[in-house]
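Single-structure report; data block below.
Chains as they are written, first to last, in the working numbering: chain H, 53 to 286; chain G, 154 to 408.
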């Protein structure tokens, strides 16, 4: 993996590839992030509402709970896990296919640092774009909670909006973005490693894709614990 | 000129190349022939450096490839072009972008100069109107020609072709052979072709090296090969009953 993080052969090509990857890995993920976030925001809100039986607890706290759940955990970790599946399998199978069809050998014979050319733009694209997806997920999730409130009547719009503004801790966004950047590196490098080192045919490319997704998902969960302890412990 | 001296290569403790020494001359089509699994692709990939050899020397015009730093090896590879067995064109790029790729990476040409060079290479391989097509839209023979165009776009000193005729009909295979041979002579390139196609051997084999079970068994040219006394080589050349009968007829006629 050392070959990935050395100076690109040609900066112009690196920038071009990075923009292509932003489109392929980032822009093409906006749809799934919006769909999942909106439903998760709605479900979190409804579940909190229906489990809240103590009349002494003010209802606006449901909005606060939905907001903080999205900010602290859902928008970074769960979206990270979903992207590990979508983007990770895409990366492992694309690079694995290039390996078994000798396209990577072709790059090497030309004198191109194949690992750097193929993987570094993906890492850069994910590190730059995934935080935007996370922030988008936060907004959409909170909006999904509001939609659930007004469509089911579980909570008034006023209570929910008051709740999502109540006791806001800006550091939660920083914490979430830091986690997203670490997850972005995991989501791109781990499947790329499995794809790059695949040997055999289509079956092995499929296996490498599965291994890439499973390993990156486990690493995301592990780093979630480590980063939470490092960033939130007082 | 490319010289390989006493090359050995092991995979998982099993020796697949046994002290092979061979030289390949510029301006000639040098063929490595042998049965499937004989070690000819390993030999070619070892010469290029895609496999690291366990023993031996590889000299490119007296420059020892194995003693070069990775950066120096990458610089040397800019003098190489390679045609892979499956063409190895980049799926996501058009024909034009595939051929232009080495220029984008390593030349300082303007966009107009690059376009002209790409068109020149496409014309050279008789594929003038394929610029905007993707590899998936091309036939096997056309893919090979695009791969040749990409291989020669930077004016290489060394051209490597791994099974250029695999999957092609005999007529298209002849076209590809002729193209490789013409380009070799035209640009005085040191060309190495891996093949087990006897038509190629007879058509373009100015120098032929026969590899059998990881060993070099015979060396000569297409005029000498039919008269070889090497048993393994004769087994390879006259593998079919048809070829054996033809050989017997020739022997009877000449005696």
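A virtual CB, placed ideally from N, CA and C, is assigned to each residue, including glycine.
Original post:
If we call anything under 7 Å between Cβ atoms a contact, is residue 184 of chain G one with residue 358 of chain G?
Top reply: yes
Subject >> chain G contact residues for residue 155 of chain H, given Cβ-Cβ distances below 7 Å >> reply: 241 and 243
Original post:
Closest Cβ-Cβ distance between residue 151 of chain H and chain G: below 7 Å?
Top reply: no
**OP:** Could you tell me which uninterrupted alpha helix (DSSP H) segments, each at least 4 residues in length, are contained entirely in the stretch 281-353 of chain G, listed from first to last along the chain?
**Re:** 293-305 and 323-340
Original post:
Counting only beta-carbon atoms, is residue 139 of chain H nearer than 7 Å to chain G?
Top reply: no
Original post:
Of all the options G:212, G:364 and G:304, which has the alpha carbon lying nearest to the alpha carbon of residue 384 of chain G?
Top reply: G:364
Original post:
Run through DSSP, which three-state label would residue 89 of chain H get?
Top reply: helix
Subject >> Exposure label - residue 198 of chain H; buried when at least 16 CB within 10 Å >> reply: buried
Original post:
Taking buried to mean at least 16 other C-beta atoms within 10 Å of its own C-beta, is residue 162 of chain G buried or exposed?
Top reply: buried
Original post:
In or out: residue 284 of chain H buried (at least 16 other Cβ within 10 Å) or exposed?
Top reply: exposed
Original post:
With a cut-off of 7 Å, does the C-beta of residue 175 of chain H fall near any C-beta of chain G?
Top reply: no
**OP:** List the residues of chain H that residue 267 of chain G touches, going by C-beta distances under 8 Å, in chain order.
**Re:** Correct list: empty, because the minimum Cβ distance to chain H is about 12 Å.
Subject >> Where residue 234 of chain G sits in the DSSP three-state scheme >> reply: strand
Original post:
Does the Cβ of residue 286 of chain H lie closer than 6 Å to at least one heavy atom of the ligand HEM?
Top reply: The ligand HEM is not part of the structure shown, which contains no ligands of any sort.
Subject >> Any C-beta of chain H under 7 Å from that of residue 231 of chain G >> reply: yes
Original post:
Is there contact between the stretch 292-300 of chain G and the stretch 241-261 of chain G, where contact requires at least three CB pairs shorter than 8 Å?
Top reply: yes
Original post:
Exposed or buried, which one is residue 174 of chain H when buried takes at least 16 other CB atoms within 10 Å?
Top reply: buried
Original post:
Where do the N-terminal and C-terminal ends of the beta strand (DSSP E) with residue 157 of chain G fall, by residue?
Top reply: 155-164
**OP:** State the beta-bridge partners of residue 182 of chain G as determined by DSSP.
**Re:** G:344
Original post:
With C-beta atoms as the reference, is residue 244 of chain H less than 7 Å away from residue 143 of chain H?
Top reply: yes
Subject >> DSSP bridge partner residues for residue 219 of chain H (one or two, in chain order) >> reply: According to DSSP, residue 219 of chain H bridges with nothing at all.
Original post:
Relative to the C-alpha of residue 376 of chain G, which residue among G:361, G:386 and G:387 is closest?
Top reply: G:361
**OP:** With a 10 Å radius around its C-beta and 16 neighbouring C-beta atoms as the bar for buried, classify residue 174 of chain G as buried or exposed.
**Re:** exposed
Original post:
Hey, how far is the Cα of residue 411 of chain G from the Cα of residue 301 of chain G?
Top reply: For residue 411 of chain G there is no data in the structure shown, the boundaries of chain G being 154 and 408.
Original post:
Using 8 Å as the Cβ pair cut-off and three pairs as the minimum, do the stretch 111-128 of chain H and the stretch 54-72 of chain H touch?
Top reply: no
**OP:** Check whether the Cβ of residue 101 of chain H lies closer than 7 Å to any Cβ atom in chain G.
**Re:** no
Original post:
Using DSSP with H/G/I as helix, E/B as strand and the rest coil, what is residue 220 of chain G?
Top reply: helix
Subject >> Neighbour-count burial assignment, residue 204 of chain H, 16 or more Cβ in a 10 Å radius >> reply: exposed
**OP:** For residue 253 of chain G, count neighbouring Cβ atoms within 10 angstroms of its own Cβ and tell me buried if that reaches 16, exposed if not.
**Re:** buried
**OP:** Under 8 Å by Cβ, that's how I've got residue 186 of chain H and residue 229 of chain H pegged, so tell me the actual separation to the nearest angstrom.
**Re:** 6 Å
Original post:
Are the C-beta atoms of residue 163 of chain H and some chain G residue less than 7 Å apart?
Top reply: yes
Subject >> Partner residues on chain C for residue 144 of chain H, Cβ-Cβ distance less than 7 Å >> reply: Any reference to chain C falls outside this structure, whose protein chains are H and G.
Subject >> Nearest-angstrom Cα separation, counted from residue 373 of chain G out to residue 325 of chain G >> reply: 26 Å
Original post:
Taking Cβ positions only, does residue 350 of chain G come closer than 7 Å to chain H?
Top reply: no
Original post:
From H:276, H:164, H:148 and H:96, pick the residue whose C-alpha is nearest to that of residue 223 of chain G; which is it?
Top reply: H:164
**OP:** Kindly identify the DSSP beta-bridge partner or partners of residue 208 of chain G.
**Re:** G:161
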